[in-house]
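Student: Residue numbers for the sequence shown follow our numbering, so the first one is 70 and each next one is one higher.
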Amino acid sequence: MSWNLKKKARELLSKESGTVYKEHGGRLRVCLVYPNRYGLGMANLGFQAVYGLLNNIDNCVCERAFLPEKEDLPEYERTGSQLFSFETQTPLREFDLIAFSAPFEDDYFNIPVILKLAGVQVRSLDRSGPLVAAGGVAVGLNPEPLALFMDFFLVGDAEGAAQPVIDRLMDCRAKGLGKHETLKTLDSIDWVFVPSFYEFEYDGIHIKSVKALDGAKKTVKASKARDLDQFPVPQSFVYTPCTELPDTYCVEAERGCPRGCRFCAAGFLYLPPRMREEKKVAEAVNAGLKRAGKVGLVGTAVSEYPAIKEILKRGIDEGGTITLSSLRLDELDNEFLALLKEAGYRTITLAPEAGTDRMRDIVNKGITEDEIMESVRLIAEAGFTRLKLYFLVGLPEETDEDALGIAVLTKKIREAFRKGGEIILSVNPFVPKPFTPFQWHRFEDAGVVDRRLKMIKRELAKTGVKVTDMSAKEAFMQAFLARADRRAAEIIEKASESGWKRAMKGMESFIEESVYSVRGRDEILPWDIIDHGVKKGYFWKEFQKGLEGKQTPPCDVGNCVRCGVC
Ligand code: SF4
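1) What residues are listed by DSSP as bridge partners for F512?
2) Can you tell me the Cα-Cα spacing of V367 and T505, whole angstroms?
3) Would you kindly work out how many angstroms separate the C-alpha atoms of F486 and V584, rounded to a whole number?
4) Relative to the C-alpha of V89, which candidate in A78, E132, L74 has its C-alpha closest?
5) Can you pull the DSSP bridge partners for S86?
6) Note down, in chain order, each residue of its chain lying with its Cβ closer than 8 Å to the Cβ of D426, except the 5 sequence neighbours on either side.
7) Can you determine whether any heavy atom of ligand 1 sits closer than 8 Å to the C-beta of L340, and answer yes or no?
8) Nearest by alpha-carbon distance to T416: which of P303, E443, K382, T454 is it?
9) Quick check: is any heavy atom of ligand 1 less than 8 Å from the C-beta of P375?
10) State whether the stretch 524 to 531 contacts the stretch 470 to 486, with contact taken as three or more CB pairs (one from each stretch) at a distance under 8 Å.
11) Confirm the yes/no value for this check: CB of C333, any heavy atom of ligand 1, distance under 8 Å.
12) Just to confirm the assignment, what range does the beta strand (DSSP E) spanning S495 have?
13) Please name the residue in H510, A356, E228, E373 whose C-alpha comes closest to that of G389.
14) Which first and last residues belong to the alpha helix (DSSP H) in which F579 is found?
15) Tell me the residue span of the alpha helix (DSSP H) that contains Y607.
16) Who pairs with S324 in a beta bridge, going by DSSP?
17) How many Å lie between E470 and V462 at the Cα?
18) Return the residue from the list D226, H510, C629, V234 that minimises the CA-CA distance to D44.
19) Ligand 1 heavy atoms versus the CB of P327: any closer than 8 Å?
20) For K363 and L381, what's the separation of their Cα atoms in angstroms?
21) For a test of your reading of the model: does the CB of D625 fall under 8 Å from any non-hydrogen atom of ligand 1? Yes or no.
22) According to DSSP, is V279 part of a helix, a strand, or is it coil?
23) Ligand 1 heavy atoms versus the CB of G633: any closer than 8 Å?
24) Could you spell out the range, first to last residue, of the alpha helix (DSSP H) harbouring E138?
25) Sorted by chain position, which residues of the same chain lie with C-beta nearer than 8 Å to Q547's C-beta, five sequence neighbours on each side aside?
26) Using the C-alpha atoms, what's the distance from G533 back to G602?
27) Using only CA atoms, which one of D272, Y271, F269, K253 lies nearest to V263?
28) Would the beta-carbon of C311 be found less than 8 Å away from any heavy atom of ligand 1?
29) Please identify the residue among C333, S305, P342 whose C-alpha is closest to the C-alpha of G325.
30) In or out: Q117 buried (at least 16 other Cβ within 10 Å) or exposed?
31) What number of angstroms, rounded off, separates the C-alpha of G452 from the C-alpha of G490?
32) Secondary structure at Y107, three-state DSSP: helix, strand or coil?
33) At what residues does the alpha helix (DSSP H) containing K563 begin and finish?
34) Opposite D591 in the DSSP bridges: which residues?
35) Return the CA-CA distance between Y318 and E346, expressed in angstroms with no decimal places.
36) From what residue to what residue does the beta strand (DSSP E) around T392 run?
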């Protein structure tokens with residue numbers, strides 16, 4: 070193993086605090102892998118939370134590994150080194166379980182690279198040695214694109230779900246069970262999905278039938294930690310300044326958004342909205358302020374956390390900085406804005422999502438242009454000088470006029486915001502995601518998306534507004550992977566070797582049809598085997614309401630059973 074690579078890992082370790090070192094003996098050895106670079110992985114709260122959870126389990130030891138930096142790859146090749154864990158520099162193939170935490174589809178291409186570097190076979194059927202599994206938001210939405218690489222998936226919240234998996238694996242190891250028997254044992258856990266136990270029959274891009282083999286369960290019930298307060302607050306357990314969010318200690322305040330925006334996967338995946346006890350969040354915030362001086366409060370709808378103002382006040386009293394992962398603009402009032410300012414907030418980020426009220430009704434944003442303008446007025450009045458706005462193009466039913474509405478609205482905001490103040494516009498193509506009402510909808514033609522993006526940029530050219538965007542080409546790949554089935558494995562594997570463009574060769578019409586087709590109401594979707602609690606019929610109703618521009622009120626937890634989660 071390369072001494073240089075080990076040295077580099079140790080240097081990064083020396084800058085961390087909170088790293089867990091546990092004896093391997095008598096424990097299940099798990100290497101938790103983030104399928105991207107160290108700096109991105111360490112900034113990801115989901116990855117950090119699972120690391121903390123697994124190491125809290127007495128009979129488990131969890132270490133970490135990442136996609137190596139590009140400049141380190143020649144050193145791996147030159148020395149024939151295999152990928153190793155950070156904590157003890159143990160080769161990945163010596164662990165019992167290699168567990169990927171996969172929050173984004175774009176990282177799928179890195180998974181075959183990592184497995185090859187680890188010296189293990191990429192495909193589950195060819196592999197002996199450690200089991201390979203995955204969890205995280207992207208695979209919770211649709212595990213199928215990775216089905217041929219993974220031995221099993223853990224679907225849903227990790228809290229409460231990991232311990233039974235570790236216990237069963239320990240038991241199987243003690244009994245000396247082989248891979249198939251071990252996977253059979255895991256299949257008895259509701260939230261474990263063993264993809265090799267299912268056989269799919271296809272008809273073009275569509276699924277004709279799915280068969281559960283060998284007595285495997287028909288539905289995988291995602292785990293749901295109903296009472297988050299039973300578990301530790303996810304936070305930057307391992308703190309390091311060497312991340313994409315330097316000097317920020319992240320803390321999760323709540324999970325689940327009550328608003329029901331029809332394009333938002335996280336919004337539906339994490340239902341019902343669950344708020345953590347204020348005392349616990351405050352403790353985590355205090356710990357973060359002591360360690361880093363700056364806390365990033367994270368949540369699906371964190372500005373709706375009931376004790377948000379109290380938490381900000383505490384941060385201010387401690388002399389620290391607190392930022393929020395998102396702000397709902399109709400939550401803003403003078404007091405909230407003053408607190409944000411005092412807590413060190415410099416840029417206010419808002420997500421109107423669409424340029425016209427018509428489009429915002431279609432996506433169920435529940436915010437009018439008047440409300441947007443009122444919040445901009447308040448933000449300017451509070452003395453903020455930087456405003457970031459998020460929009461989507463290519464939403465269902467969008468016309469050129471609606472897209473142009475983004476520029477028209479931005480110009481109005483420009484007028485109403487401070488003179489000399491900075492406005493940054495982030496415009497991204499809409500990607501239909503599983504477990505949302507728009508899961509049946511198609512991705513808008515790449516040509517149309519790019520034309521609309523150009524229109525917006527042209528219209529704002531001389532306004533001083535900075536426009537950043539993701540091209541339709543980049544989003545196209547995400548759109549394919551988000552709704553793909555297990556036949557995507559070949560493309561992912563090829564793309565990991567020679568890039569997406571070459572991987573598409575010969576598959577263009579299949580990929581384009583997958584991306585551009587509207588799915589039928591009764592069609593079997595690749596992720597239908599997963600049950601997150603929201604009924605498929607509810608999504609369909611919401612889809613139809615969206616097309617008619619009808620709105621749905623937010624969650625009313627305790628008084629509502631409409632979607633099936635509560
Ligand atoms: S049942 Fe009602 S309150 Fe519960 S998650 Fe669904 S919409 Fe929200």
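Even glycine gets a Cβ: it sits at the ideal position worked out from N, Cα and C. Model, not experiment: these values are computed from the prediction.
Tutor: The relevant details are as follows:
1) In DSSP, F512 forms no bridge with anything.
2) Approximately 21 Å, taken between the alpha carbons.
3) Approximately 39 Å between the Cα atoms of the pair.
4) Selected option, being the one with the closest Cα: E132.
5) DSSP lists Y308 as partners of S86.
6) Around D426: T437, E438.
7) Yes - ligand 1 has a heavy atom lying nearer than 8 Å to the Cβ of L340.
8) It is T454 whose Cα lies nearest to the Cα of T416.
9) Every heavy atom of ligand 1 is 8 Å or more from the Cβ of P375, so no.
10) Yes, the stretch 524 to 531 touches the stretch 470 to 486.
11) No - ligand 1 has no heavy atom lying nearer than 8 Å to the Cβ of C333.
12) Element bounds for S495: 491 to 498.
13) G389 has its Cα closest to that of A356, out of H510, A356, E228, E373.
14) If you look at F579, you'll find it in the alpha helix (DSSP H) that goes 577 to 585.
15) Note, Y607: alpha helix (DSSP H), 605 to 616.
16) Position check: residue 324 holds Arg in this sequence, whereas Ser was assumed. R343.
17) If you take the alpha carbons of E470 and V462, they lie about 11 Å apart.
18) Absent from the model: residue 44. The displayed extent of the chain is 70 to 635, so no value can be given.
19) P327 Cβ: within cutoff of ligand 1.
20) Rounded to the nearest angstrom, the two C-alpha atoms are 12 Å apart.
21) Yes, the beta carbon of D625 sits closer than 8 Å to at least one heavy atom of ligand 1.
22) Taken through DSSP and simplified to helix, strand or coil, V279 comes out as strand.
23) Flag set: Cβ of G633 near ligand 1.
24) Unbroken run through E138: none, as it is neither H nor E.
25) So the list reads E174, D175, V500, once near-sequence residues are dropped.
26) Rounded to whole angstroms, G602 to G533 spans 46 Å at the Cα level.
27) When C-alpha distances from V263 are compared across D272, Y271, F269, K253, the shortest belongs to K253.
28) No, Cβ of C311 sits at least 8 Å from all heavy atoms of ligand 1.
29) The residue from C333, S305, P342 with its alpha-carbon nearest to that of G325 is P342.
30) Classification for Q117: buried.
31) Rounded to whole angstroms, G452 to G490 spans 10 Å at the Cα level.
32) In the three-state reduction of the DSSP assignment, Y107 falls in the helix class, which pools H, G and I.
33) Per DSSP, the unbroken alpha helix (DSSP H) holding K563 starts and ends at 557 to 567.
34) Bridge partners of D591: none, in fact.
35) C-alpha separation (whole angstroms): 19 Å.
36) Bounds of the beta strand (DSSP E) holding T392 are 390 to 393.
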